[in-house]
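Trainee:
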Amino acid sequence: MSGHKDRGTRSQRRTASELELGFINELTEKIRQRLTTLQVVLDTAAERKWQVTAINVGNMKDDKKDEAYRSLFQDLENKKERRVILDCEQEKVKDIMEQIITIGRHVKGYHYIIANLGFVDGDLSKIQYGGANVSGFQIVDFEDPLVSKFDQRWEALEEKEYPGADNKIRYTSALTYDAVQVMTEAFRYLHKQRIDISRRANNGDCLANPAVPWAQGVEIERALKQVRVEGLTGTIQFDQYGRRVNYTVHVMELKNNGPVKIGYWNEMDKMAVTKSDLFPNDTMGLENKTVIVTTILEAPYVMLKKNADLFLDNERYEGYCVDLAAEIAKHCGFKYRLKIVGDGKYGARDAETKIWNGMVGELVYGKADIAVAPLTITLVREEVIDFSKPFMSLGISIMIKKPQKSKPGVFSFLDPLAYEIWMCIVFAYIGVSVVLFLVSRFSPYEWHTEEYEDGQIQTSESTNEFGIFNSLWFSLGAFMRQGCDISPRSLSGRIVGGVWWFFTLIIISSYTANLAAFLTVERMVSPIESAEDLAKQTEIAYGTLDSGSTKEFFMRSKIALFEKMWAYMRSAEPSVFVKTTAEGVMRVRKSKGKYAYLLESTMNEYIEQRKPCDTMKVGGNLDSKGYGIATPKGSSLRNAVNLAVLKLNEQGLLDKLKNKWWYDKGECGSGGGDSKVSPREQSLMGKRNATPKTPVNLAVLKLSEQGVLDKLKNKWWYDKGECGAKDSGSKEKTSALSLSNVAGVFYILVGGLGLAMLVALVEFCYKSRAEAKRMKVAKSAQNINPTSSQNSQNFATYKEGSGKGSRNDGVFTGEEEKRTSAGSVEMAAESRAFHFTKKHPEPMLGEQAIRLPPSHTPPPSPPHDD
152 MSGHKDRGTR SQRRTASELE LGFINELTEK IRQRLTTLQV VLDTAAERKW
202 QVTAINVGNM KDDKKDEAYR SLFQDLENKK ERRVILDCEQ EKVKDIMEQI
252 ITIGRHVKGY HYIIANLGFV DGDLSKIQYG GANVSGFQIV DFEDPLVSKF
302 DQRWEALEEK EYPGADNKIR YTSALTYDAV QVMTEAFRYL HKQRIDISRR
352 ANNGDCLANP AVPWAQGVEI ERALKQVRVE GLTGTIQFDQ YGRRVNYTVH
402 VMELKNNGPV KIGYWNEMDK MAVTKSDLFP NDTMGLENKT VIVTTILEAP
452 YVMLKKNADL FLDNERYEGY CVDLAAEIAK HCGFKYRLKI VGDGKYGARD
502 AETKIWNGMV GELVYGKADI AVAPLTITLV REEVIDFSKP FMSLGISIMI
552 KKPQKSKPGV FSFLDPLAYE IWMCIVFAYI GVSVVLFLVS RFSPYEWHTE
602 EYEDGQIQTS ESTNEFGIFN SLWFSLGAFM RQGCDISPRS LSGRIVGGVW
652 WFFTLIIISS YTANLAAFLT VERMVSPIES AEDLAKQTEI AYGTLDSGST
702 KEFFMRSKIA LFEKMWAYMR SAEPSVFVKT TAEGVMRVRK SKGKYAYLLE
752 STMNEYIEQR KPCDTMKVGG NLDSKGYGIA TPKGSSLRNA VNLAVLKLNE
802 QGLLDKLKNK WWYDKGECGS GGGDSKVSPR EQSLMGKRNA TPKTPVNLAV
852 LKLSEQGVLD KLKNKWWYDK GECGAKDSGS KEKTSALSLS NVAGVFYILV
902 GGLGLAMLVA LVEFCYKSRA EAKRMKVAKS AQNINPTSSQ NSQNFATYKE
952 GSGKGSRNDG VFTGEEEKRT SAGSVEMAAE SRAFHFTKKH PEPMLGEQAI
1002 RLPPSHTPPP SPPHDD
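Here the sequence shown is numbered in the numbering used here, starting from 152 and rising by one per residue.
1. On the criterion of 16 or more Cβ atoms from any shown chain inside 10 Å, does V271 qualify as buried, or is it exposed?
2. Once you ignore the five residues that flank L461 on each side, which residues in its own chain have a CB closer than 8 Å to its CB?
3. Going by DSSP in three states, R110 sits in which element: helix, strand or coil?
4. Cα-Cα, which of F625, S643, S641 and V913 is closest to C635?
5. Here's the rule I'm using: 16 or more other beta-carbon atoms within 10 Å means buried, otherwise exposed. How should T446 be labelled?
6. F653 to I646, Cα distance in whole Å?
7. Could you tell me if G974 is buried or exposed, where buried requires 16 or more neighbouring beta carbons within 10 angstroms of its beta carbon?
8. Quick check on this structure: which residue in M737, I547, Y693 and W416 has the alpha carbon closest to the alpha carbon of R721?
9. Does the Cβ-Cβ distance between I506 and A747 come in under 8 Å?
10. If you scan the stretch 400 to 427 from start to end, which runs of the alpha helix (DSSP H) of 4 or more residues do you find wholly inside it?
11. Ends of the beta strand (DSSP E) at Q388?
12. Kindly give me the distance between the Cβ atoms of M510 and L526, rounded to whole angstroms, as I take these residues to be in contact under 8 Å.
13. Given a threshold of 16 other Cβ atoms within 10 Å of its Cβ, counted over all protein chains shown, does K730 qualify as buried or as exposed?
14. The alpha helix (DSSP H) that contains M754, what's its start and end?
15. Between the stretch 904 to 922 and the stretch 582 to 597, do three or more beta carbon pairs fall short of 8 Å?
16. Leaving aside the five residues before and after S889 along the sequence, list all residues of the same chain whose C-beta is less than 8 Å from its C-beta, in chain order.
17. Residues bridged to G269 by DSSP?
18. Output the distance between the C-alpha atoms of A316 and G777, rounded to the nearest integer angstrom.
19. Given C764, which residues of its chain have a CB within under 6 Å of its CB, disregarding the five upstream and five downstream residues?
20. Could you compute how far the alpha carbon of M926 sits from the alpha carbon of N621?
21. Can you give the Cα-Cα distance for V378 and L308, rounded to whole angstroms?
22. Mind listing, in chain order, the continuous beta strand (DSSP E) runs of no fewer than 3 residues lying wholly within the stretch 723 to 792?
23. Note down, in chain order, each residue of its chain lying with its Cβ closer than 8 Å to the Cβ of V792, except the 5 sequence neighbours on either side.
24. Do you know offhand how far M706's Cα is from M754's?
25. Could you give the first and the last residue of the continuous beta strand (DSSP E) run that contains Q303?
26. Measuring CA to CA, which of V369, T399, K556 and V585 is closest to E381?
27. Taking C-beta to C-beta, are I547 and E683 nearer than 8 Å?
28. In this structure, does DSSP put T323 in helix, strand or coil?
29. Please say whether V896 and I679 have beta carbons closer to each other than 8 Å?
30. Going by DSSP in three states, P1013 sits in which element: helix, strand or coil?
31. Kindly list the residues whose CB is nearer than 8 Å to the CB of K1073, restricted to its own chain and excluding five residues on each side of it in sequence; keep chain order.
32. Kindly indicate which three-state DSSP category R234 falls into: helix, strand or coil?
33. From K311, E372, V561 and Y487, pick the residue whose C-alpha is nearest to that of E336; which is it?
34. Mind checking which residues open and close the beta strand (DSSP E) that includes M550?
35. Which runs of the alpha helix (DSSP H) spanning at least 4 residues fall entirely within the stretch 648 to 682, listed in chain order?
36. Three Cβ pairs or more, each shorter than 8 Å: is that satisfied between the stretch 357 to 364 and the stretch 324 to 342?
Spelled out as structure tokens, the structure:
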């Protein structure tokens, strides 16, 4: 029978325990009133507006009863029926409970009431660790002195002569014993009353109509009602109607340490709850207790020693979890025995039979007390077992065969700088050369006059050294840091040269530094960098362990990428799933890079450290989770183990153990050689993953496995962000410098070139203005009348600086100019005699020379090109 409350009852502000105890009170009272159990349940359900389903399981055939029970409870599960009353004898209860355990309906959230009077008679050890609430009744109180004395005498008998003497007396046997005792007392009473029931008289006829009673029956009935004795089932007394009165029924509940009395019922007190028994001390008896620790052979967690045959029990094993189990036992104060799981699996529930396998099954079915192993905390496991605080954090990662190191190419010296930088350098070189050429042609200070003798004739020529080819040569020499024979004279030309030197300094220094990194790091070309790379290709197959949390993650994930990967893995032929981690690693090594294995990051890092050192972890973790120590639902070990894990974490022992078994004993060098990730994992998850397994916490676990939490964070942190897309982070490998790394030096170069052109324009304007003034002075000098024969000489062309003997423009001998306050110049022709040397400045574009008389040959005009 099963039932659930309707909406009206749910609104009542009463706890589940109060409702259950109230129901038990009414059930016991109405049974006392000679109502059948089924009738009591139906009447009570009608009063409380419960919906009840009554199912008869008494006519099931033995060969099909197990299947029928499983089918029955599966139907109840589909209807969300989780409160069940089992109104049958203890033998049938045992069969039903075995099937309940098989289909996993013995976990928290289910409540079973065994409606007989022998709750402790059956073997409930398998279901007591599941977490389900199992209640019942007990008529025999084994703490009663009378029962204890009888039990000692009973167990002292020979089992061969008295079958069942080695076990406690069952309630049916106790009732039979009490019945015989009542009959004995009744006949003793009749004997004292001198009532002879042995004389022949009317024997009665039950088939007669009406029935004829036995003549002595009335006397025997009267004697039975007078009986009052203390029996194995308590006080035995009857009322005037022949019903038993003044008896006590004990209310029992199944705890993790066995059946516990939580109260009692009698006519006077009705339902009485023993509060001290409702919350027993779960840690009582933990010290010096031998605990069965289930684990799995998985390096480096649990491994057989090389000389394991020379040792016994726990000494045969070594590894991370072996050391961890020893530390926990030391902190909790119990003895333990390591037990390797028989099927070699972590734990998953079969989709058809609903049976748990692996270490989870060992805990669910009461074959072990605790699991210390790399057991991942998942939602489906949390529903049937309890986990401690995580002792190690991890995530699903990708393992591939380590690719061969790439040979350096002929042009590998170009790798330190990106392609776009090389192109920009070429354009910068051409641009600088062109600008240098233009400013040199434009600036008047870049021109100079060279004089040479052509036979008997002295000739002078205006020259500019920075033609287009010399500009290219100057820029190339500066870039190669070799220098050049020529250098700019003008301010604008020197600005161009300065910014170009600064540019080459930064570029060459950056190139040299990055080239050193490229030469010291052996580069490998990996075909896969992330889960996205795996999903968008089909050449490389990928898979997971056939039974474990990694496969469960992909099955339950709602993220599009992982759904796509799961669809591929499920339909791939041949199968991409492996039976063991060792098989998956071997498949990676033999696949020649055509198979990737998805497994926990901690195991991936460990294998990467083991010879032949031919595997590697790529990309980041696909999720975030933790390994926990598992216990059966409601186990007394859970709280003690939680405190021990916290203490070990605070002492830093967990990190020491990981370093010991991962890196100190590594065979491939520290840090994993070519690993693309840091060898150290994230810090332990902390207290947030160790809260009690309430429906809210289970819901959070489910949302985490489905990726909903990550989606929500991305939505409110990054999708709605106001500062651009989230930086995905750079890869931990040497990469070429991109244009963004050196963009600043290009900006400086462009700015310098612009400044140089502006300075050249200023130089040109300044020179043109100064020359205009000089032309005006020269014309004024022509209008002066000569006063002597010496004044008949014509003036030579007057150039800026020719009378100062400075700037390397020329040197003259003669009388100094006489300058007026207004800036005019009065020059005496007879007192001036010019003597020009080599390198006299010549007129530039825009200048006009004073016309000379035929007796003097003017210097040649400046050339138009180099």
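Glycine residues also receive a C-beta, built at the ideal position from the N, C-alpha and C atoms.
Remember, predicted model here, so these are calculated numbers, not experimental data.
Mentor: Put simply:
1. buried
2. none
3. The displayed coordinates of the chain run from 152 to 1017. Any statement about residue 110 would go beyond what the structure contains.
4. F625
5. buried
6. 11 Å
7. Summary for G974: the model assigns pLDDT 40, below 50, so the residue's position carries little reliability, and this model does not support an answer.
8. Y693
9. no
10. none
11. G385 to Q388
12. 6 Å
13. exposed
14. S752 to E759
15. yes
16. A569, E571 and I572
17. Q289
18. 50 Å
19. C819
20. 34 Å
21. 29 Å
22. 746 to 751, 766 to 769, 776 to 778 and 781 to 783
23. I479, C483, I521, S539, I780 and T782
24. 21 Å
25. Not the beta strand (DSSP E): Q303 falls in the alpha helix (DSSP H), residues P296 to E306.
26. T399
27. no
28. helix
29. no
30. Any reading at P1013 needs caution, since the residue's pLDDT is 47, under 50, leaving its predicted position unreliable; the model's value is listed next. Coil, per DSSP.
31. Residue 1073 lies beyond the residue range present for the chain, which begins at 152 and ends at 1017; the question has no answer from this structure.
32. strand
33. E372
34. I547 to K552
35. none
36. no
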